[in-house]
Amino acid sequence: VKLPKAIRLTPDLPTEKVVAHTIRTELPGITLGHERITLEPANDWQTHFDRHGLCFVTVVERHGKSAGNVAHGLLSNFALKRGAVASSVGHDSHNIIVAGVNEADMQIALRALEEKQGGVCVVRDGKVTAMVDLPIAGLLSDKRVTEVAEEMKVLKREWEAAGCSIPYMGFNLIPLSVIPEIRITDKGLVLVPEMAIVPAFEAA
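Read in this note's numbering, the sequence shown has 912 at position 19, and its numbers run on one by one without any break.
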């Protein structure tokens, strides 16, 4: 995992009325809906989250090959209310995907993956509450299966406690830009049927 020292994980708050291209998650998390949501001007992101059931989603290029590409977006219906979740297994390029409701917890999740050189984690109130280390290429564990199984039990419990509406395996598919309807890669939001990149926000 090779990351720039400074990465911003949340987008600027729109100051005018915009239409957001959001990624709507549905069980089991394989296909994702493209939901356009109108955002009126607000004083903070939490207002939009509460009103529309949103949270941040960010993909970070982790291989040191693309000048630290970072793309910001919004998840709809993911149901994450606090903290952040992150994974270094974002298919198919296996970049880092982070979802969260605030910059601080998202940064903690990102740096936890950097420190362990890969993994899947849950962060709440500034603390890593679950972590499965994947130090081999950011994809595989070097521990015995019994140890990994115990880590996975904790991860599953904390993932569900965070409120996430799809399992972590479905979360890893959010950047996979060959499955409809909309995805996010380190290059930005991708409308899969059109194979076109769209901005996160457009003028309403």
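Just so it is clear, CB atoms sit at the ideal spot from N, CA and C, and this is done for glycine as well.
Quiz item: Where does residue 949 sit, in a helix, a strand or coil, going by DSSP?
Solution: In the structure shown, residue 949 adopts extended strand secondary structure according to DSSP, grouped into three states.
Quiz item: residue 950 and residue 923 look like a contact to me (Cβ under 8 Å); what is the Cβ gap, rounded to whole Å?
Solution: In fact, because the Cβ distance is near 16 Å, the residues do not count as touching under 8 Å.
Quiz item: Of the choices 1021, 1096, 1064, 1070, whose alpha-carbon is the least far from that of residue 921?
Solution: Taking the Cα of residue 921 as reference, the smallest distance to any Cα among 1021, 1096, 1064, 1070 is reached at 1064.
Quiz item: Around the C-beta of residue 1006, are 16 or more other C-beta atoms found within 10 angstroms, so that it is buried, or is it exposed?
Solution: By the Cβ neighbour-count rule, residue 1006 is buried, with 16 or more other Cβ atoms within 10 Å of its own.
Exercise. Taking the CB atoms as reference points, tell me whether residue 957 and residue 895 lie closer together than 8 Å.
Key: For residue 957 and residue 895, yes; Cβs fall inside 8 Å.
Quiz item: Looking at C-alpha atoms only, which residue of 1068, 1082, 1084, 906 is the closest neighbour of residue 940?
Solution: Looking at the Cα atoms, 906 is the closest of the given residues.
Quiz item: Do you know whose CA, among 1017, 1088, 1087, lies nearest residue 1054's CA?
Solution: The shortest Cα separation from residue 1054 among 1017, 1088, 1087 belongs to 1017.
Quiz item: In three-state DSSP terms, what is residue 1157?
Solution: One cannot answer for residue 1157 here, as it falls past the ends of the chain, which runs 894 to 1097.
Exercise. Quick one: give me the first and last residue of the beta strand (DSSP E) that residue 1020 is part of.
Key: Counted as a single uninterrupted DSSP element, the beta strand (DSSP E) harbouring residue 1020 occupies residues 1020-1026.
Exercise. Within its chain, find whatever has a CB closer than 8 Å to the CB of residue 933; leave out the 5 residues flanking it on each side and keep chain order.
Key: Within its own chain, the residues whose Cβ lies closer than 8 Å to the Cβ of residue 933, once the five positions on either side in sequence are excluded, are 910, listed in chain order.
Practice problem: Jot down the residue ranges of each uninterrupted alpha helix (DSSP H) in the stretch 936-1019, minimum 4 residues, whole runs only, in chain order. | Solution: For the stretch 936-1019, whole alpha helix (DSSP H) runs of length 4 or above, ordered along the chain, are 938-945, 996-1009.
Quiz item: With a cut-off of 8 Å, does the C-beta of residue 1007 fall near any C-beta of chain C?
Solution: You won't find chain C in this structure, because it holds only one protein chain.
Quiz item: Is the distance from the Cβ of residue 1096 to the Cβ of residue 913 below 8 Å?
Solution: No, the pair does not count as a contact, with Cβ atoms beyond the cut-off.
Quiz prompt | Pairwise C-alpha distance: residue 1011 and residue 1030 | solution = Computed Cα separation, rounded: 7 Å.
Quiz item: What is the rounded straight-line gap between the Cα of residue 936 and the Cα of residue 976?
Solution: One C-alpha to the other measures close to 20 Å.
Practice problem: Would you grab the beta carbon distance between residue 916 and residue 1075 for me? Rounded to a whole angstrom, and I think it's under 8 Å. | Solution: Distance from residue 916 to residue 1075 at the Cβ level is roughly 5 Å; contact confirmed, criterion being Cβ atoms closer than 8 Å.
Practice problem: Return yes when the Cβ of residue 1027 is within less than 8 Å of the Cβ of residue 981, no when it is not. | Solution: In contact: residue 981 and residue 1027 (Cβ atoms closer than 8 Å).
Quiz item: If you compare alpha carbons, which of 1014, 1070, 1043, 952 is closest to residue 985?
Solution: Nearest C-alpha to residue 985: 1070.
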